[in-house]
Structures are given as C-alpha cells and as structure tokens.
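Have a look at the structure below before the remarks.
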Amino acid sequence: MKLWQKIFLSSLFLIIAAVNIISVTILNNSHRLLLEREQTHAISEHEYFEASFSNSVVYSKLADEKIALTSGDIRRIASEVVGGSGRTRDSAIFDSSGTVIAANGMDELLDKITESSFISSIDSSGKKYSVSVYGTDSGHKMAVGSVITTEGMSYSIVTSSDISEIYIMRNKQIDFVRKVSIISAGAISLILLITVLLMLNPLNRLNVYTKAIAGGNYRIRIRERGSQEFRELAQNMNIMADSIQVNAARLEKIAEDRQTFIANLSHEMKTPLTSILGFADILRIKKHVPDSERTEYAGVIVEETKRLRSLSGKLMGIVAMNGTEIQKRPVCLQSMINETKAALVPLIAKNDVRLECLSQDITINADEELFKSLLYNIIENAVKASPKNETVVLNAAMYEGDAVITITDHGIGMTPEVVKKAFEPFYMADKSRSRKAGGAGLGLALCRRIAELHSAKIEIASRPNEGTTIFITIPGEECL
Numbered sequence: 065m066k067l068w069q070k071i072f073l074s075s076l077f078l079i080i081a082a083v084n085i086i087s088v089t090i091l092n093n094s095h096r097l098l099l100e101r102e103q104t105h106a107i108s109e110h111e112y113f114e115a116s117f118s119n120s121v122v123y124s125k126l127a128d129e130k131i132a133l134t135s136g137d138i139r140r141i142a143s144e145v146v147g148g149s150g151r152t153r154d155s156a157i158f159d160s161s162g163t164v165i166a167a168n169g170m171d172e173l174l175d176k177i178t179e180s181s182f183i184s185s186i187d188s189s190g191k192k193y194s195v196s197v198y199g200t201d202s203g204h205k206m207a208v209g210s211v212i213t214t215e216g217m218s219y220s221i222v223t224s225s226d227i228s229e230i231y232i233m234r235n236k237q238i239d240f241v242r243k244v245s246i247i248s249a250g251a252i253s254l255i256l257l258i259t260v261l262l263m264l265n266p267l268n269r270l271n272v273y274t275k276a277i278a279g280g281n282y283r284i285r286i287r288e289r290g291s292q293e294f295r296e297l298a299q300n301m302n303i304m305a306d307s308i309q310v311n312a313a314r315l316e317k318i319a320e321d322r323q324t325f326i327a328n329l330s331h332e333m334k335t336p337l338t339s340i341l342g343f344a345d346i347l348r349i350k351k352h353v354p355d356s357e358r359t360e361y362a363g364v365i366v367e368e369t370k371r372l373r374s375l376s377g378k379l380m381g382i383v384a385m386n387g388t389e390i391q392k393r394p395v396c397l398q399s400m401i402n403e404t405k406a407a408l409v410p411l412i413a414k415n416d417v418r419l420e421c422l423s424q425d426i427t428i429n430a431d432e433e434l435f436k437s438l439l440y441n442i443i444e445n446a447v448k449a450s451p452k453n454e455t456v457v458l459n460a461a462m463y464e465g466d467a468v469i470t471i472t473d474h475g476i477g478m479t480p481e482v483v484k485k486a487f488e489p490f491y492m493a494d495k496s497r498s499r500k501a502g503g504a505g506l507g508l509a510l511c512r513r514i515a516e517l518h519s520a521k522i523e524i525a526s527r528p529n530e531g532t533t534i535f536i537t538i539p540g541e542e543c544l
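The numbers in the sequence shown follow the numbering used here, run straight up by one, and end at 544.
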C-alpha cells in the first residue's frame with residue numbers, strides 16, 4: 065500500500081471515529097438528561113399518588129369513625145385510589161408479602177416487577193424512591209416505587225409512566241447521525257484525498273528526481289520548494305547527489321587511470337630498457353671490447369635495471385594511491401643530468417643528434433629516480449623530434465630563487481592547439497601527440513604529474529617548424 069493511501073485511510077478512519085464518538089456521546093448525554101427530567105416528573109406524580117393513598121386511608125378512618133382499619137378496608141381504599149376517576153398514571157399497591165392488593169394499567173409491568181427484585185429493593189438502598197426502566201412490547205416504561213406504613217402495616221406503592229417517546233426520539237437521532245455520518249464521510253473523504261495528494265505532491269516530485277539520480281543522471285538537482293520538511297529533504301538529496309557525482313567522477317577517474325596505467329608503465333619501462341638493450345647490443349656486436357668499456361656498459365645496464373625496478377614501483381604507487389607523497393631529498397641536479405645523458409647515448413647515436421648540457425651546481429629537493437624520468441622523457445622527445453645533425457640543448461641555471469631547466473630542440477614544433485593538449489592525461493588517440501608528427505609524446509602527461517609532486521611548474525613554448533622549448537621551474541639553491 066502506498067504512503068498516500070495509508071495516510072488517507074488512517075486519517076479518514078480517525079476522523080470518522082472521532083465524529084461518531086462525539087455524536088454518540090452527545091446523544092447519550094441528551095438521552096440521560098431526558099430520562100432524568102422524566103424521572104423527576106415521575107417522582108412528583110408518585111408523591112402525589114402516595115399522598116392520595118395516605119389521605120384516603122385517614123379520611124376513611126375518620127368518616128367511618130373507626131379506631132383501626134382492617135386489611136379489607138385497606139384493600140377497598142387501595143382499589144378506590146388506584147382506579148379512581150381521572151387517573152392517567154398506571155399504579156399498583158402491594159402488601160408486605162408482595163401480593164398485589166390493587167392495580168390499574170400495570171398488566172405489562174406486573175410480571176416484570178414480580179420477576180425482578182424491584183419490590184424487594186424498594187427503600188433498601190436508603191433512598192426514599194426506587195426508579196427502574198423496563199422494556200415492554202409497546203415500548204419503555206419507568207417504574208417508581210416507595211414504601212409507606214399505615215395502620216401498622218407496610219405497603220409498597222409502584223407507579224409507572226410511558227417513556228417510549230424518549231427512546232423513539234433517541235432512535236431517530238441515531239438514524240439521523242448515521243445518515244449524516246455517511247454523507248459527511250463521503251465529503252470528508254473527497255476533501256481529505258485532495259488534501260493528501262496536494263501535500264504529498266512534492267514527495268512524488270522527489271521520487272521522480274530520485275529515480276533520475278538512481279538512473280545515473282547525477283547532474284540533476286531538485287528545486288527546493290514546498291513545506292519546510294520537503295525543502296530540507298530536497299536540500300539533503302541535492303547534497304547527496306553532489307557527493308554521488310563527485311564520488312562517481314573520482315571512481316571513473318580511478319578506473320580510467322588503472323586502464324591506462326599499463327600503457328604508461330610500458331612507455332616508462334621503454335626508457336631504461338632502451339639503454340639496457342643498446343649497451344647489451346654493443347657488447348654483443350663488438351668482438352673486442354676493452355675492459356674499461358665493458359665495465360662501463362655493464363654498469364649502465366645494472367644502473368638502468370635498478371632504475372627500471374625502482375621506477376615501476378614508484379609509478380605503481382602514484383597511480384594506485386592517486387598521488388602519494390614522495391620521498392624527496394637534496395640531490396645534485398648536474399649529476400642527475402649527466403646520468404640521464406649517459407643513459408641516452410644509444411638513442412642519441414641512433415638518431416644522429418647531439419646533446420649539449422650546460423648546468424650550474426644546483427641542489428634541489430627531489431625523488432631522484434622520478435625526476436630523472438622527467439628529464440629522460442623530455443630529452444627523449446626532443447631527440448626524436450630533431451632532424452639529423454641537429455643539437456638538443458639542456459640548460460639549468462638559477463633564476464630568482466628557483467632552478468630553471470630548459471630543453472630546446474629545433475624540430476618540427478607544435479601548433480598552439482597541440483600545445484594546449486600536450487599535457488592532457490593519456491592523450492594518445494591523435495598521432496599529433498607523437499613528437500615526430502608535431503606532438504609532445506606520451507610521457508608528457510606523466511611528466512606534469514611528476515612535476516606537480518615536486519612542486520615544480522612545467523611549460524611549453526613551441527612554433528611549427530621552428531622547434532620547441534620546455535621550461536621546468538623547481539625550487540632550488542646553488543651549491544656552496
């Protein structure tokens with residue numbers, strides 16, 4: 065069952081129940097007041113009848129000049145009083161044994177009174193009059209009883225009055241209330257249904273937006289209107305949608321990074337592998353290799369192998385932890401440049417390009433292997449982009465408290481549009497990303513990430529067919 069149906073039915077039930085309870089309470093109270101009024105009137109009539117019987121006994125005694133009346137005289141007087149002319153109220157007189165000595169119009173009540181404990185209860189409660197209501201075939205009657213003592217004998221006097229009109233009126237009122245309740249229930253149902261639907265309309269609107277958000281439309285936002293509760297709910301759901309959108313974007317980014325990690329890792333592994341393969345190939349081809357050269361080549365192979373192992377682990381950590389803190393320490397920039405140049409000898413020889421390195425004695429705080437990977441990537445791209453017999457120039461100098469490294473080539477250069485996209489993560493689809501075709505190479509995205517981890521800034525200045533210069537600015541200081 066839907067919420068609006070539950071609210072509608074429960075509210076309708078409570079309203080109808082409350083109306084009926086109030087109506088029944090009012091009717092019962094009105095009926096009770098009528099009975100009390102009729103009881104007061106019946107007691108007054110009973111008192112009059114009781115006084116008439118007592119007076120008749122006294123009058124008969126005086127008229128007959130008797131000192132005491134016999135039971136037969138009392139019966140005669142009782143019959144005269146009960147059946148006297150003008151009596152509109154039913155009455156009966158019982159002797160002390162409960163035997164009827166005179167009665168008028170009490171046919172329907174005598175059996176009920178005799179069967180019940182009414183006669184024996186008269187005056188036993190401490191009240192002067194006992195009152196009871198009996199249902200008869202013709203309606204309802206109210207009986208009033210009392211006990212009087214005369215001529216040394218106790219007599220019970222019972223009078224009754226017809227109160228059927230009170231019960232007929234009550235039944236009519238109940239029928240009227242029932243009809244009014246049915247009509248009111250219909251009207252209340254319609255009004256309540258419209259009210260509930262209007263009040264819960266914002267909830268239906270929230271449900272529509274929630275389904276849209278659940279369907280993946282995280283950009284949708286709910287208009288905050290309606291009651292205070294619905295406005296707060298809409299605001300909280302918008303906050304939830306913002307969080308979901310941020311988390312979804314983050315998860316998509318992580319998934320994308322992991323999907324492309326293999327491509328980046330393979331590219332970065334290519335750098336030391338090229339050096340290892342180049343020097344190993346020299347050792348294989350040359351028939352006579354001096355011990356000094358063999359030792360040098362073997363040392364480069366060992367160092368590049370270590371670098372490959374260290375680099376792969378660091379790259380895995382960067383991608384898996386979305387940019388973990390790296391361990392930086394003071395290192396000599398000139399030494400890193402020389403080691404990078406030595407690792408690039410096979411590539412430089414293969415492309416018939418010269419590499420000229422000019423560097424001041426500068427110390428920077430860096431992760432040595434990662435920063436050498438940054439230099440290697442940029443120099444490799446510059447070498448590949450340069451024509452034969454050209455020179456790639458690397459210059460490192462202090463400028464306004466920062467170490468500024470520039471790598472300049474005279475290759476094919478890049479257009480401004482390509483420069484804008486050069487550092488986009490994993491921008492690989494377009495072959496213009498290749499420096500041989502005017503791009504900046506696959507490794508530039510990782511270069512920028514390495515620069516960010518070192519609080520460094522990397523920029524590109526390039527023109528088509530004129531060459532490219534890459535600027536790396538990192539905090540540093542001159543060696544003393």
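C-beta: ideal position from N, C-alpha, C; glycine also.
Report all residues from its chain with a CB closer than 6 Å to the CB of residue i; omit the five preceding and five following residues, and keep chain order.
i      : result
Gly169 : Asp154
Leu517 : Ile390
Gln237 : Leu91
Val222 : Ala156, Ala207 and Gly209
Ala313 : none
Glu613 : Shown here, the chain extends from 65 to 544; a query on residue 613 therefore has no answer.
Arg499 : Confidence in Arg499 is poor, its pLDDT being 34 and thus under 50, which makes the residue's placement unreliable; the coordinate value appears in the next sentence. Closer than 6 Å at the Cβ level, and outside the excluded window around Arg499, lie Asn445, Lys448, Ala449 and Gly505.
Leu98  : Ile230
Leu133 : Lys125 and Glu215
Gln299 : Glu288
Ile165 : Arg139, Ala142, Ile157 and Asp159
Arg512 : Phe487 and Ile522
Assuming residue i and residue j are in contact, meaning their beta carbons sit under 8 Å apart, how far apart are those beta carbons, in whole angstroms?
i      : j      : result
Thr479 : Val457 : Actually they are not in contact, since the Cβ atoms of Thr479 and Val457 sit about 23 Å apart, beyond 8 Å.
Ile538 : Ile428 : 5 Å
Glu542 : Met462 : 6 Å
Phe343 : Met400 : Their Cβ separation, rounded to whole angstroms, is 19 Å, which puts Phe343 and Met400 out of contact at 8 Å.
Ser118 : Thr214 : 6 Å
Ile183 : Gly162 : 5 Å
Asn84  : Ser245 : 6 Å
Ser108 : Val241 : That pair is no contact at about 32 Å.
Tyr193 : His110 : 7 Å
Tyr361 : Ile346 : 6 Å
Please return the same chain residues whose Cβ sits closer than 8 Å to the Cβ of residue i, not counting the five positions on each side in sequence.
i      : result
Leu49  : For residue 49 there is no data in the structure shown, the boundaries of the chain being 65 and 544.
Met61  : What is shown of the chain runs 65 to 544, which leaves residue 61 out entirely.
Met64  : Outside the displayed range of the chain (65 to 544) lies residue 64, so it cannot be described from this structure.
Asn529 : Ile476 and Gly477
Ile71  : Val260 and Leu264
If we call anything under 8 Å between Cβ atoms a contact, is residue i one with residue j?
i      : j      : result
Leu142 : Met206 : At residue 142 the sequence reads Ala, which differs from the Leu that was named. Cβ atoms of Ala142 and Met206: not closer than 8 Å.
Val146 : Ile186 : no
Leu261 : Ile286 : no
Ala278 : Ile284 : no
Thr532 : Thr470 : no
Ala449 : Gly475 : yes
Val483 : Ile514 : no
Asp128 : Tyr219 : no
Lys392 : Val417 : no
Ile16  : Ala251 : The chain is shown only over 65 to 544; residue 16 falls outside these bounds and no answer can be derived.
Ala509 : Phe487 : yes
Leu254 : Ser75  : no
Gly203 : Ser228 : yes
Ala406 : Val364 : yes
Trp68  : Leu297 : no
Leu397 : Gly540 : yes
Thr369 : Ser437 : no
I'd like to confirm the pairing. Which residues does DSSP put opposite residue i in its beta bridges?
i      : result
Glu523 : Phe535
Leu542 : As written in the sequence, residue 542 is Glu, which differs from the Leu given in the question. Partner(s): Ile426.
Asp473 : Thr532
Arg393 : Ala430
Tyr198 : Lys205
Asn93  : Note: Asn93 sits in no beta bridge, so no partner.
Glu420 : Val457
Asn168 : Ser155
Tyr219 : Ile212
Asp226 : Lys205
Val468 : Ala461 and Thr537
Taking 8 Å as the CB-CB limit, is residue i close to chain B?
i      : result
Tyr361 : Within the model displayed, chain B is absent; a lone protein chain is all it includes.
Only counting the same chain, and skipping five residues up and downstream in sequence, which positions put a Cβ closer than 7 Å to that of residue i?
i      : result
Met385 : In this prediction, Met385 has a pLDDT of 44, which is less than 50 and means its spatial position is unreliable; what the coordinates show is noted afterwards. Contacts found: none.
Pro410 : Thr338, Ser339, Gly342 and Phe343
Any chance the CB of residue i is under 7 Å from a heavy atom of the ligand NAP?
i      : result
Leu422 : Summarising the ligand content, the structure contains no ligands, and the ligand NAP is consequently not present.
message: To test your reading of the DSSP string, which unbroken alpha helix (DSSP H) runs of 4 or more residues are found completely within the stretch 253-302?
response: Taken in chain order, the stretch 253-302 contains no complete alpha helix (DSSP H) segment of 4 residues or longer.
message: At 4 residues or longer, what runs of the alpha helix (DSSP H) sit wholly inside the stretch 112-146?
response: With a minimum length of 4 residues, the continuous alpha helix (DSSP H) runs that stay inside the stretch 112-146 are 135-146.
message: Please give me, in chain order, every unbroken run of the beta strand (DSSP E) with length at least 3 that falls completely inside the stretch 65-110.
response: As for any beta strand (DSSP E) of minimum length 3 sitting wholly inside the stretch 65-110, there is none.
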